[in-house]
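Each remark here refers to the structure printed beneath this line.
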Amino acid sequence: MTLIELLRVIFGITIINFLPGYMFSRKVFPESDFTLRLTSSIILSMIITSIPPLILTSYLGLSWIISLYLTLTVTTIVSIYYLLKDKSKKPIFSWEYILTLFLMLLAMFRYYLPYIMLNSSMPFGQDSIFHCRDIRNIIDGVAIPPSIYPKTFHFMMAANVVVTNLPSPSVFMLITPFILVLIALEVYIFVRKIFGLQAGVLSFFTLTFLTVQPFQTLADGSIPELFGYAVSMLGFIKLLEFFRDKSVKSIAYTSILFASSLYIHAASLLLLLSLISMVFILAIPLISQSKDTKLVLGVLTIFSIAILLSIPASATYITNVVASLTGGESMLPVGADDKPSFPRDFEAFLGDVLLYSGIVSTVILPFIARRRELIIIYSVLISQVAIIEFPWTPFSFRILRQLSIPLSILIGVFVYFTPKIIFYIGVFTTIISSLSSRTRVKLVLRVRYSVLFYIVLLIILSFLPSTTDFSWRCLPYQVIESSKNLGANSLWYVHEDVSSYQLFNNLPNGVILTDFSCGWLPYFVRNDMIIIPPRSFWKIYSFNDWQMFNELLTVQEKTNLTKAMSVYATLSKYNVSYIFLGSNPEGRHWVPSSYSETRREIEDLIKLLSSESLLKIVFNGSAKIYKLEYVKM
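Per this note's numbering, the sequence shown starts with residue 1437, numbered consecutively.
What follows is the structure, given as structure tokens:
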């Protein structure tokens, strides 16, 4: 990529992901600092370039490109109007700018690091393949198949593809890790608004360095879910302002932000249910403190308006949830066997340190940090745990992964209050020393027996039988390793193979034979493809597919010539014109145990056909493309 191309990409990403939301962020968060202004501008820009075009395209029938340009035009006019009216003055320089940029660069280093260390490739789960397909279909104006959630994320990514003029997988790799950066910054902003800068930094570091989540969610390909969480977090930050000013404006803006999250992913509805938990918690002291009535009614109003504003999406979610609970046909992935078990799955997903530090923090914090705003994070935590444990609840494992965010907030705050805890321990020790010796002995014995009881209870819980057969595990401190163990159906994005993908656009159309090293080739080309999986996966394919794979790889003739002609005849039967072998993923990605066998069989076919001049190489780089030379038989 030349310098001019690089500058064009940076300019395009800035235009589409920052400027549209900048003036709107000044309206939604008028008293915000630089960190919140930057973060909210980016997230609001992503909302603006996705939800309005989605509504105009999916519900009103306009073409996507017209919807995008219309949205950007209206946004530009409104932004200019707000800019002319805006009289506020901000300092030219602040030390906070340096801190914000430092935290952003640190989070980028943390979440882009696996991509760099894996030689510009990251093994996203197979979901990412379908995401890229939908992005390409939006750009091409192809109808998108129905889904449990609207394709808001894909509309946002399509806008980035158009302005950068890069392939959708490349843009996917550039943008999606940055969503994690935004979530980390939101955690910092949220905690800092309640407890100050030091507590915010501690929570930021807890999320980014103490757990493999939410990176594992990204690596699995569940990016729309994370995008929805980023928008929801912005809603919770605005909810903090409502806790303090109880204004109608705060209700309106918070409702719009939560409604926007519902257009992104079904899991956002489950996150929104925390507002109901919040109402119950806030309503407890209503009998003695009537001053909270306005707060309770305001939270209920926010919840109701968010549901109403997102009726096209929320109606779909609610219908499917009801159908799944009543045994009807539903698109939600639910099932009694798909439930996390404590502590095994919790430790595996979150890491021992985060899990148990989070439990300690959750229990102790209400006694040492008496801030009403903590109700927000406790409501989220209670709702998520209830959703995880409630039978027949969708997305149990996904919600479990999201627990890392509220737990990180609580751990950071707990560490911030550690000096206060030490002070209390000192006071407690002084009181004990003033007691009689007999009373001290009794008190010490009770403490010891209590500690012993909890240790025994923890051991018993750890040996309880699991209710799920979730086979792979992620190691909390080994991000690279965890990004490799993604399960059987992964297809790998390999940056250096992109040039070979693009070459097919200059070759005559024809069927491509390949294996899992094809990576994201299917979403760069329009050719029909036969992708032969590792043999250990054949059992999950249909009998006809299994028969085709076996026929393509099995050669029973005796001489090289007859073998070559037999293979040639089989390839001709299936109209194969090209054989594609991508970069060997072994050593850089997790690969199935039988992958090497399948690749070796295809390589043997290539050698056999090449020896009889039935195959010629048309591209010889990190990947290889061979063209079948058809002859008259």
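The beta-carbon is built from N, C-alpha and C at its ideal position, and this holds for glycine as well.
Here the structure is a predicted model, which is why all the values come from computation and not from measurement.
Whether residue i touches residue j by CB criterion (9 Å)
i: S1696; j: V1667; result: yes
i: Q1820; j: Y1665; result: no
i: F1679; j: I1687; result: no
i: K1629; j: E1809; result: yes
i: H1701; j: F1589; result: yes
i: L1693; j: L1535; result: no
i: G1787; j: T1642; result: no
i: T1752; j: Y1585; result: yes
i: F1803; j: S1840; result: no
i: V1617; j: I1449; result: no
i: A1742; j: F1631; result: no
i: L1736; j: L1801; result: no
i: D2074; j: L1949; result: Nothing in the structure corresponds to residue 2074, since the chain is present only between 1437 and 2069.
i: D1981; j: I2038; result: no
i: K1595; j: S1515; result: Residue 1595 is actually Ala in this sequence, not Lys. Contact: no.
i: L1707; j: I1811; result: no
Sequence-distant residues of its chain with Cβ nearer than 7 Å to residue i (five each side left out)
i: G2057; result: S1935 and S1936
i: V1637; result: Y1624
i: S2013; result: G1946, V1947, K2063 and L2064
i: M1482; result: N1453 and M1592
i: T2006; result: E1987 and L1988
i: E1622; result: T1475, A1666, M1669, L1670 and I1673
i: S1704; result: G1664, S1668, S1697 and L1698
i: A1620; result: A1543, F1640, L1643 and T1644
i: K1463; result: Y1518
i: F1985; result: I1968 and W1974
i: L1709; result: S1819
Pairwise C-alpha distance: residue j and residue i
i: I1580; j: I1571; result: 9 Å
i: V2054; j: D1576; result: 28 Å
i: V1607; j: L1549; result: 17 Å
i: S1557; j: R1569; result: At S1557 the pLDDT is 49, less than 50, meaning the model places this residue with poor confidence and gives no usable figure here.
i: F1626; j: F1672; result: 8 Å
i: S2049; j: I1968; result: 24 Å
i: F1566; j: L1492; result: 23 Å
i: P1912; j: Y1792; result: Any reading at P1912 is ruled out, since the residue's pLDDT is 31, under 50, leaving its predicted position unreliable.
i: S1658; j: M1592; result: 15 Å
i: V2027; j: S1639; result: 35 Å
i: S2029; j: T1798; result: 42 Å
i: S2046; j: S1972; result: 28 Å
i: S1468; j: S1476; result: 9 Å
i: L1442; j: P1603; result: 14 Å
i: T2034; j: P1605; result: 26 Å
i: F1778; j: L1439; result: 52 Å
i: L1939; j: V1684; result: 57 Å
i: N1756; j: I1823; result: 16 Å
i: Y1533; j: L1541; result: 12 Å
i: K1521; j: E1783; result: 52 Å
i: K1999; j: T1990; result: 10 Å
i: R1473; j: F1460; result: 10 Å
i: T1653; j: L1836; result: 11 Å
i: V1715; j: T1471; result: 30 Å
i: C1954; j: P1748; result: 37 Å
i: Y1505; j: G1497; result: 15 Å
i: S2008; j: R1962; result: 20 Å
i: V2003; j: N1601; result: 40 Å
Own chain partners of residue i with C-beta closer than 8 Å, once the 5 adjacent residues on each side are dropped
i: K2052; result: S2046, Y2062, K2063 and E2065
i: W1500; result: P1489, T1493, I1574, I1575, G1577, F1591 and A1594
i: K1682; result: K1730, L1731 and G1734
Residues near residue i by beta carbon distance below 6 Å, same chain, minus five either side
i: T1507; result: P1488 and P1489
i: R1546; result: T1644
i: Y1689; result: V1464 and K1674
i: S1503; result: P1489, L1492 and T1493
Interface flag, residue i vs chain C, CB-CB below 9 Å
i: F1853; result: Note that chain C does not occur in the displayed structure, where there is just one protein chain.
Quiz item: What are the uninterrupted segments assigned as alpha helix (DSSP H) that are 4 or more residues long and contained completely in the segment 1659-1723, given in chain order?
Solution: Here the runs fully enclosed are 1659-1681, 1684-1698, 1703-1708 and 1710-1719.
Practice problem: Entirely within the segment 1940-2022 and at least 3 residues each: give me those beta strand (DSSP E) ranges in chain order. | Solution: 1947-1951, 1965-1968 and 2012-2017
Quiz item: Any contact of the segment 1636-1648 with the segment 1445-1458, i.e. 3+ C-beta pairs under 8 Å?
Solution: no
Quiz item: Should the segment 1812-1825 be regarded as contacting the segment 1611-1621, the criterion being three or more beta carbon pairs within less than 8 Å?
Solution: Result no; under three Cβ-Cβ pairs closer than 8 Å.
Self-check item: the segment 2034-2047 / the segment 2005-2018 touching (three or more Cβ pairs under 8 Å)
Solution: Output reads yes: the segment 2005-2018 touches the segment 2034-2047.
Exercise. Run through the segment 1585-1618 for me and flag every whole alpha helix (DSSP H) of 4 or more residues, listed as ranges in chain order.
Key: 1588-1600
Quiz item: At which residue ranges does the segment 1824-1850 contain complete alpha helix (DSSP H) runs of 4 or more residues, listed in the order of the chain?
Solution: Annotation note: the segment 1824-1850 contains the following uninterrupted alpha helix (DSSP H) runs of length 4 or greater, listed N- to C-terminal: 1832-1838.
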